[in-house]
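Residue numbers (our numbering): 66 to 147.
Backbone N, C-alpha and C define an ideal beta-carbon position, used for all residues, glycine too.
What follows is a short report on a single structure.
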């Protein structure tokens, strides 16, 4: 976590590590997901949002924020309506 969140390190910009950190939080500690979404910006947003929306996670607010951050407004609106 510290390696990825520390912006000056090369690891902090690594897309795969950011994806792994967010996905691990989705599965193990949902309370950290929103913070990671807000702090990180180099992850596969649409794919992670789909996972967050799926069963058994149902993280609608987190998925909405990911779509909004990725400028996928139609998907963000659909998340609100679901």
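Annotation: residue 111 to residue 131 spans about 7 Å, alpha carbon to alpha carbon.
Excluding residues up to 5 positions away in sequence, 90 lie with their Cβ nearer than 7 Å to the Cβ of residue 97 in the same chain.
Counting other Cβ atoms within 10 Å of its Cβ, residue 127 reaches 16 or more and is therefore classed as buried. C-alpha of residue 141 to C-alpha of residue 116: approximately 14 Å in a straight line.
By the criterion of a C-beta distance shorter than 7 Å, residue 101 is surrounded in its chain by 86, 87, 90, once the five residues flanking it on both sides are discounted. Look at residue 89 here: in three-state DSSP terms it is helix. Put simply, the backbone Cα of residue 80 is about 29 Å away from that of residue 147.
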